[in-house]
Each structure stands twice: as C-alpha cells, then as structure tokens.
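A.B. asks: The structure that follows is given in the form of structure tokens.
Laid out in structure tokens, this is it:
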C-alpha cells in the first residue's frame with residue numbers, strides 16, 4: 278500500500294528530477310540553431326523602426342541574418358542566445374525570405390515575410406471571440422471575395438501559463454493568412470482591417486488571449502512593482518519564488534503545513550475517513566491564472582519583437598474591483614512599455630459594455646467603466662473605445678459580438 282508519506286517522497290523526487298532536467302537544458306550541451314517562434318513563415322515585421330531578430334545557437338558561435346538586402350551578424354552569449362537588429366524597414370507586401378546561418382553551417386529559412394504594421398492583441402474571451410461568428414463576419418466575407426491575398430495576418434500564441442518568465446512561445450498554426458480570417462480575433466481583425474484600408478500596408482496581429490482571465494495574469498511583475506497600490510500582488514508573486522525572503526518563508530510554512538496534513542490525513546484514513554484537502558503551494562504557484570502567469574508564458578517570449586502598439590479587451594473578470602482597476606490598468610500598460618523598451622507604446626482598449634438585467638438596483642459594469650475612464654483621463658498615448666451603448670437590447674450577452 279502506498280502511504281501519503283510515500284506520495285510526498287515521490288512528489289519531491291519528481292520535483293528534483295524536473296529541476297535537474299531544467300539545469301541540464303540550460304547548461305552545457307549542443308544547442309542547434311534556433312529562431313524565436315514569431316519569426317515563422319508568413320510573419321509580418323514592423324516597418325519604420327529597428328527590428329530585433331533573435332534566437333539561440335551554440336554558445337560562442339557567430340550568427341548571420343539576411344533580409345531585404347540587409348545582412349547583420351552577432352555572437353551568441355554564454356547561454357547561446359543571439360540577437361541582431363535590422364535597420365528600419367519600408368512597408369512591403371512583397372513576400373520575402375529571412376535567412377539565418379551560423380559559421381558552422383546551420384541554416385534556417387523563413388519564407389513569405391511581409392513588412393507593415395504589427396500590433397499585440399490581448400485580453401479575455403471577447404478579444405478571443407472569432408471573427409467568423411461575430412458581427413465582423415462581413416469583413417471576413419469581403420476578404421474572402423478578394424481575388425488576391427489580403428496582407429492581413431494573425432499569429433496566435435498557444436495556451437499556457439508559467440510561474441516564471443519564459444523565453445520561448447509556440448503557435449500551432451503559425452502566421453494565419455487572410456483566407457483563414459474567420460478564425461482571427463474579431464476585434465483584432467476589425468482593427469487590422471481598418472488600418473490596412475487607411476494605410477495600404479500589411480498588418481500583423483499577435484494574439485495572446487485566454488477566456489475568463491483577470492488583468493493581473495497578463496501583467497508583468499515589473500508593472501506591479503512600480504505601482505504603489507498593488508504591493509500585495511508583488512508580495513504574492515514573491516511568495517512563489519524561493520530565491521526571495523518572502524518565498525523562503527512561504528515555502529517553509531508550506532512544508533510544515535504539508536507535514537501536518539500528512540499526519541492528520543493518515544489518522545483520518547486509518548479510521549475509515551478521507552484525506553483532508555492538500556495545502557496549496559505558496560503565492561501564484563498553485564494558481565494557473567495567477568498574477569503574471571499568462572504574461573510569463575505567452576507574452577514574455579515575444580518581448581523585443583517590434584510592434585507598433587497594443588489593443589486590449591478585458592474586464593469581465595475584474596468587474597468587482599472598482600477604482601483599483603485603474604491602478605491595475607496602469608500596471609499592465611507601464612509593465613508592457615517598460616519591458617518592450619517603448620515608453621510611449623500606443624495602447625487602445627475597449628471600455629466595458631452594458632451587461633446584466635434591467636434591475637435599476639444593479640450597476641452592471643458601471644463601476645468598472647468609471648475606473649477605466651479614470652485611467653484613460655490620466656494616461657498618455659492611450660485610446661478608449663466606449664461601448665456602453667453596444668447591444669442594449671441584449672444586455673445579458675457577455676459576448677457582445
């Protein structure tokens with residue numbers, strides 16, 4: 278019979294093996310030439326600004342990148358990472374090839390790249406809502422009727438979360454072309470389509486979304502750390518990190534709670550009862566949608582990819598926050614700007630729609646709309662799209678598209 282203490286020992290063994298695997302993966306050993314995931318076939322690169330291109334190769338090797346008549350080279354660092362910066366590019370709908378080579382002979386070719394405007398699209402399910410089954414379906418039909426490929430594309434980052442920032446992201450479908458516009462984010466597609474019609478340049482959308490998520494999970498640690506009103510969230514993140522004082526204390530308490538849980542549960546089991554609920558790991562470690570976790574897994578690996586700005590649709594899962602939501606928006610935007618190294622990064626967001634029944638005693642989303650307005654009035658390089666008059670005949674539809 279396997280006892281609870283055996284389960285704990287097995288769990289500790291698995292954690293140790295996982296840590297060893299991570300150490301081996303980040304240590305010595307042959308690192309094949311690798312290109313960061315957004316640089317896939319069909320990618321859209323940002324025009325008019327330096328374009329970082331990066332990846333990994335054997336430490337101490339030289340990497341050469343060629344695109345649109347430019348050739349840049351860089352040496353890998355001790356962990357094998359390399360980065361070059363292409364000079365500002367001119368918008369072009371001509372599909373061109375990006376080539377990456379190492380002196381040792383490794384080669385990667387990415388085909389069908391365009392140059393235009395690139396935007397990050399993030400938020401919860403209303404940003405995730407597909408264009409083909411939305412009020413934007415007429416845009417999809419118009420694009421599909423085109424006799425030529427419309428240069429509007431979307432890169433959707435796979436689902437996932439992480440306690441610590443990751444360096445690599447993934448996308449099952451890579452850069453989707455306009456023929457698949459029905460599976461783009463509805464809000465992102467309508468935004469990109471309008472940009473394309475006005476500027477006559479290719480547009481790329483990088484979609485990082487997940488339904489039923491709070492703003493906290495999309496916000497980097499750096500955003501919380503600079504926001505005085507959110508120190509409690511900073512403390513929660515620290516509690517998940519055993520390299521911090523808060524983390525060491527939290528894990529020490531967790532292990533004590535675990536020992537007590539084992540003793541008390543064994544007594545209950547031996548008397549015919551059931552085990553008590555197992556103690557939760559500290560901080561965000563046991564919360565899949567906890568603060569910074571979606572950012573760490575889905576957005577952190579994209580940092581440095583040249584973008585023009587960001588569009589955001591979220592708020593349903595913070596509807597009870599009230600005024601503090603303004604501080605959380607501030608942390609999100611400033612955290613993204615800081616990590617991207619773009620202090621004036623444009624940020625456009627949708628104000629919350631009407632939602633709920635017609636009960637005059639129910640405020641619906643009115644309080645969070647006020648918090649969003651408060652943020653908007655005090656922020657710079659920010660645009661807000663009011664939606665309080667959207668679909669009032671069906672105010673119970675949380676997916677208003």
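Residue numbers (this note's numbering): 278 to 678.
We put the CB at the ideal spot given by N, CA and C, even for glycine.
As the structure is a computational prediction, the values presented were derived from the model and not from experiment.
Taking residue 589 as the reference, give the member of 508, 464, 535 and 506 with the closest Cα.
C.D. replies: Within the chain shown, the letter at position 312 stands for residue 589. Of the candidates 508, 464, 535 and 506, the one whose C-alpha sits nearest the C-alpha of residue 589 is 464.
A.B. asks: Within 10 angstroms of the Cβ of residue 632, are there 16 or more other Cβ atoms? Answer buried if so, exposed if not.
C.D. replies: Numbered from its first residue, the chain shown carries residue 632 at position 355. By the neighbour-count rule (16 or more Cβ atoms within 10 Å), residue 632 is buried.
A.B. asks: Compute the distance between the beta-carbons of residue 570 and residue 521, then report whether it is under 8 angstroms.
C.D. replies: For the purposes of this step, residue 570 is taken as residue 293 along the chain shown, with counting starting at 1. For the purposes of this step, residue 521 is taken as residue 244 along the chain shown, with counting starting at 1. Contact: no.
A.B. asks: Helix, strand or coil for residue 618, going by three-state DSSP, please let me know.
C.D. replies: Position 341 of the chain shown, counted from the start, is the residue given in the question as residue 618. Three-state DSSP puts residue 618 in coil, outside helix and strand.
A.B. asks: Would you give the residue range spanned by the alpha helix (DSSP H) that residue 532 belongs to?
C.D. replies: For the purposes of this step, residue 532 is identified with residue 255 of the chain shown, where counting begins at 1. Residues 522-547.
A.B. asks: How many Å lie between residue 305 and residue 354 at the Cα?
C.D. replies: Within the chain shown, the letter at position 28 stands for residue 305. Within the chain shown, the letter at position 77 stands for residue 354. Residue placement at residue 305 cannot be trusted, given a pLDDT of 47 that sits under 50; the coordinates are not used to answer.
A.B. asks: Quick one: what's residue 343 bridged to in DSSP?
C.D. replies: Within the chain shown, residue 343 is the residue found at index 66, counting from 1. 348 and 376.
A.B. asks: Excluding the 5 residues preceding and the 5 following residue 655 in the sequence, name in chain order all residues of the same chain whose CB lies nearer than 7 angstroms to its CB.
C.D. replies: Position 378 of the chain shown, counted from the start, is the residue given in the question as residue 655. So no residue of the chain qualifies.
A.B. asks: Going by beta-carbon coordinates alone, are residue 601 and residue 440 separated by less than 8 angstroms?
C.D. replies: In the chain shown, the residue the question calls residue 601 occupies position 324. In the chain shown, the residue the question calls residue 440 occupies position 163. Not closer than 8 angstroms, so no.
A.B. asks: Which first and last residues belong to the alpha helix (DSSP H) in which residue 511 is found?
C.D. replies: Within the chain shown, numbered from 1, the residue matching residue 511 stands at position 234. It spans 508-516 - the alpha helix (DSSP H) in which residue 511 sits, taken as one unbroken run.
A.B. asks: Return the residue from the list 365, 341 and 387 that minimises the CA-CA distance to residue 381.
C.D. replies: Your numbering for residue 381 matches position 104 in the chain shown. Ranking 365, 341 and 387 by Cα distance to residue 381 puts 341 first.
A.B. asks: Tell me, please, whether the segment 395-404 touches the segment 436-451 by the rule of three or more beta-carbon pairs shorter than 8 angstroms.
C.D. replies: With the cut-off at 8 angstroms, the segment 395-404 and the segment 436-451 do not touch.
A.B. asks: What separation, rounded to the nearest whole angstrom, lies between the Cα atoms of residue 646 and residue 592?
C.D. replies: Mapped onto the chain shown, residue 646 falls at position 369. Mapped onto the chain shown, residue 592 falls at position 315. Taking the straight line joining both Cα atoms gives about 9 angstroms.
A.B. asks: Out of 505, 455, 599 and 662, point me to the one whose CA is closest to residue 424's CA.
C.D. replies: Along the chain shown, read from residue 1 onward, the residue named residue 424 stands at position 147. Nearest option by C-alpha distance: 455.
A.B. asks: Please determine, among 364, 467, 386 and 451, the residue with the shortest C-alpha to C-alpha distance to residue 414.
C.D. replies: Residue mapping note: residue 414 aligns to position 137 of the chain shown, counting from 1. For the residues 364, 467, 386 and 451, the minimum Cα distance to residue 414 belongs to 467.
A.B. asks: So is residue 547 buried or exposed if we call it buried at 16+ other beta carbons inside 10 Å?
C.D. replies: Counting from one through the chain shown, the residue named residue 547 turns up at place 270. Residue 547 is exposed by the Cβ-count criterion.
A.B. asks: With which residues is residue 631 paired in a DSSP beta bridge?
C.D. replies: Numbered from its first residue, the chain shown carries residue 631 at position 354. The partner list for residue 631 (beta bridge, DSSP) is empty, contrary to what the question assumes.
A.B. asks: Which runs of the alpha helix (DSSP H) at least 4 residues long sit entirely within the segment 395-466? Give them in chain order.
C.D. replies: Segments of the alpha helix (DSSP H) lying fully in the segment 395-466: 402-405 and 414-422.
A.B. asks: Quick one: what does DSSP say residue 500 is sitting in, helix, strand or coil?
C.D. replies: Taking the chain shown and counting its residues from 1, one reaches residue 500 at position 223. Helix, per DSSP.
A.B. asks: Within the same chain, show all residues whose beta-carbon is closer than 7 angstroms to that of residue 273, passing over the 5 residues directly before and after it, in chain order.
C.D. replies: As displayed, the chain neither begins before 278 nor continues past 678, which places residue 273 out of reach and without an answer.
A.B. asks: Tell me which residue opens and which closes the alpha helix (DSSP H) that residue 648 is part of.
C.D. replies: If you number the chain shown from 1, residue 648 lands on position 371. Where residue 648 is concerned, the enclosing alpha helix (DSSP H) stretches over 643-655.
A.B. asks: Taking the alpha carbon of residue 372 as the reference point, which residue from 657, 319, 358 and 524 has its own alpha carbon closest?
C.D. replies: Position 95 of the chain shown holds residue 372. Per the Cα distances, 319.
A.B. asks: Assuming the contact rule is C-beta atoms closer than 8 angstroms, residue 502 and residue 516 should be a hit. Round their C-beta distance to whole Å, please.
C.D. replies: Working through the chain shown from its first residue, we reach residue 502 at position 225. Working through the chain shown from its first residue, we reach residue 516 at position 239. With 8 angstroms as the limit, residue 502 and residue 516 do not qualify as a contact, their Cβ atoms being about 15 angstroms apart.
A.B. asks: Drop a sphere of 10 angstroms on the beta-carbon of residue 309, count the other beta-carbons inside from all chains shown, and report buried for 16 or more, exposed for fewer.
C.D. replies: As a first step, residue 309 is located in the chain shown; it is residue number 32 there, counting from the start. With fewer than 16 Cβ atoms within 10 Å of its Cβ, residue 309 is classed as exposed.
A.B. asks: What is the DSSP secondary structure of residue 384, counted as helix, strand or coil?
C.D. replies: Residue numbering aside, residue 384 sits at position 107 when the chain shown is read from its first letter. Looking at residue 384 - three-state DSSP - the assignment turns out to be strand.
A.B. asks: In the DSSP output, what is residue 663 paired with across the bridge?
C.D. replies: The residue you call residue 663 lines up with position 386 of the chain shown. Paired residues: none, contrary to the question.
A.B. asks: If you draw a straight line from the C-alpha of residue 525 to the C-alpha of residue 518, how long is it?
C.D. replies: Within the chain shown, residue 525 is the residue found at index 248, counting from 1. Within the chain shown, residue 518 is the residue found at index 241, counting from 1. Straight-line Cα distance between these residues: approximately 8 angstroms.
A.B. asks: So, under 8 angstroms CB-CB, residue 321 and residue 480 are touching, yes? Tell me the CB distance rounded to an integer number of Å.
C.D. replies: The count along the chain shown starts at 1 and reaches residue 321 at position 44. The count along the chain shown starts at 1 and reaches residue 480 at position 203. So it is a contact: roughly 7 angstroms between Cβ atoms.
A.B. asks: By alpha-carbon positions, which one of 370, 352 and 433 ends up nearest to residue 575?
C.D. replies: Counting from one through the chain shown, the residue named residue 575 turns up at place 298. Comparing Cα positions, the closest option is 433.
A.B. asks: According to DSSP, is residue 360 part of a helix, a strand, or is it coil?
C.D. replies: Counting from 1 along the chain shown, the entry for residue 360 is found at position 83. Residue state, collapsed to three classes: strand.
A.B. asks: Taking 8 angstroms as the threshold (C-beta atoms), are residue 345 and residue 311 in contact?
C.D. replies: Here residue 311 refers to the residue found at position 34 when the chain shown is read from its first residue. Here residue 345 refers to the residue found at position 68 when the chain shown is read from its first residue. Cβ distance not < 8 angstroms, so residue 311 and residue 345 don't count as in contact.
A.B. asks: Go through its chain and collect everything with a Cβ distance to residue 327's Cβ below 8 angstroms, but skip five positions before and after it.
C.D. replies: Here residue 327 is taken as the residue at index 50 of the chain shown, counted from 1. These residues qualify, in order along the chain: 362, 363, 364, 365 and 583.
A.B. asks: Can you tell me whether DSSP reads residue 468 as helix, strand or coil?
C.D. replies: Here the question's residue 468 lines up with position 191 in the chain shown. Residue state, collapsed to three classes: helix.
A.B. asks: How many Å lie between residue 553 and residue 531 at the Cα?
C.D. replies: Numbered from its first residue, the chain shown carries residue 553 at position 276. Numbered from its first residue, the chain shown carries residue 531 at position 254. So the alpha carbons of these two residues sit roughly 15 angstroms apart.
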